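Going from the sequence shown to this note's numbering is simple: count from 1 and add 245.
Where is the CB? At the ideal position from N, CA and C, for every residue including glycine.
Quick caveat, the model's predicted, so the values are computed rather than measured.
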Amino acid sequence: MPSHGPKGTRARGGAGKPKVGKLVGAAVEAAAKKPKKRLPAPAVTRNNDLPEFTLRIKQKASYKKGPFQRKFNALKKLSDDGKLFKQANPLDKDPEITKAYRKRVRDAILAKYWPDGGRATPEGKAMANKLLERLRNTDADHVWDPQLGGADHASNLRLLDSHTNQDMGNEIWQQIKDLPDGTPIRIELVP
Numbered sequence: 246m247p248s249h250g251p252k253g254t255r256a257r258g259g260a261g262k263p264k265v266g267k268l269v270g271a272a273v274e275a276a277a278k279k280p281k282k283r284l285p286a287p288a289v290t291r292n293n294d295l296p297e298f299t300l301r302i303k304q305k306a307s308y309k310k311g312p313f314q315r316k317f318n319a320l321k322k323l324s325d326d327g328k329l330f331k332q333a334n335p336l337d338k339d340p341e342i343t344k345a346y347r348k349r350v351r352d353a354i355l356a357k358y359w360p361d362g363g364r365a366t367p368e369g370k371a372m373a374n375k376l377l378e379r380l381r382n383t384d385a386d387h388v389w390d391p392q393l394g395g396a397d398h399a400s401n402l403r404l405l406d407s408h409t410n411q412d413m414g415n416e417i418w419q420q421i422k423d424l425p426d427g428t429p430i431r432i433e434l435v436p
C-alpha cells in the first residue's frame, strides 16, 4: 500500500529541489549589477593627419549582385568625396530607428495593397504577401555605414538583402577594427 505521508524535498528518484527564493534572489541581484548595454564611445571625426587606409571589398558569389552594387557604389561615392573614416566603437546605434523604419515600410505595403476594411483584391493580397516575404529577407541597412562615420538616422536607411548587409558589415569591421579612430578610409573593389 502506497504511503500518503507528506512529501519531502526530493522528487521521487531525483535530486532535492533548489531553494527557489535564494536562487531567484541571486539572479535578480546579479542582473541588477550588470550594465543594461555597452556605453557608446564618444563620436570622432575624420583625422586627416592619420594615413589613409584602403578598405578592399570583394563581391562574393553569395551576394546578390544588384543590392551589392548599390551598397558598394554608395560607399565608393562617399569614399571619393573624402567622407569615410573609422568611427569610435562601440557605436551609438539605436535599434528603435531600424525597427521603426521596417514598420513604416510594412505599413506602407499594407496600406497600398491590403487596405483596412477588407477592400483588398486577391491580386493586392498576393502582392502584399510577396512584398512582406521580401521584407522578411532584408535588413534596414545604413547606406553610409556608422562604423565608417555615417549617421544612425532613418534618412540613412535603405532595405538591403540580409546576407549581403551582414557579411559586408563584418568584412568592413574585420579590416578596420584595429585602426585608430578617425582614420581616413578609401574604398576599392577587388576581384
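Cβ-Cβ distance between residue i and residue j below 8 Å
i, j, result
"N334", "A286", "yes"
"Y346", "A399", "yes"
"I432", "L320", "yes"
"L424", "F298", "yes"
"I430", "S324", "yes"
"D397", "D339", "yes"
Cα-Cα separation, residue i to residue j
i, j, result
"D386", "V350", "13 Å"
"R364", "L355", "11 Å"
"N415", "E378", "25 Å"
"P312", "N401", "16 Å"
"D361", "D352", "11 Å"
"D384", "K375", "16 Å"
"K422", "K348", "32 Å"
"P318", "Q420", "The question names Pro, but residue 318 is Asn in the sequence shown. If you take the alpha carbons of N318 and Q420, they lie about 19 Å apart."
Nonlocal neighbours in the same chain, by C-beta distance under 7 Å from residue i, ignoring five residues either side
i, result
"G427", "V289, T290, R291, N292, L295, F330, K331"
"G369", "Y358, W359"
"R403", "D386, V388"
Per-residue burial, residue i [other beta carbons within 10 Å of its own, 16 or more giving buried]
i, result
"D406", "buried"
"G395", "buried"
Residues near residue i by beta carbon distance below 8 Å, same chain, minus five either side
i, result
"K316", "D386, V388, L405, T409, N410, M413"
"D326", "none"
"M372", "Y358"
"L442", "No information on residue 442 is available, as it lies outside the stretch 246 to 436 that the chain covers here."
Neighbourhood of residue i by C-beta distance below 6 Å, restricted to the same chain and skipping five residues each side
i, result
"V435", "R301, K303"
Simplified DSSP assignment, three categories, for residue i
i, result
"V289", "coil"
"A385", "strand"
"K370", "helix"
"D429", "Reading off the sequence, residue 429 comes out as Pro, not Asp. Three-state result, P429: strand."
"D352", "helix"
"R379", "helix"
"L295", "coil"
"L329", "coil"
"D397", "coil"
"K309", "coil"
Check: residue i C-beta below 7 Å from any heavy atom of the ligand MG
i, result
"L329", "This structure simply doesn't include the ligand MG, nor any ligand for that matter."
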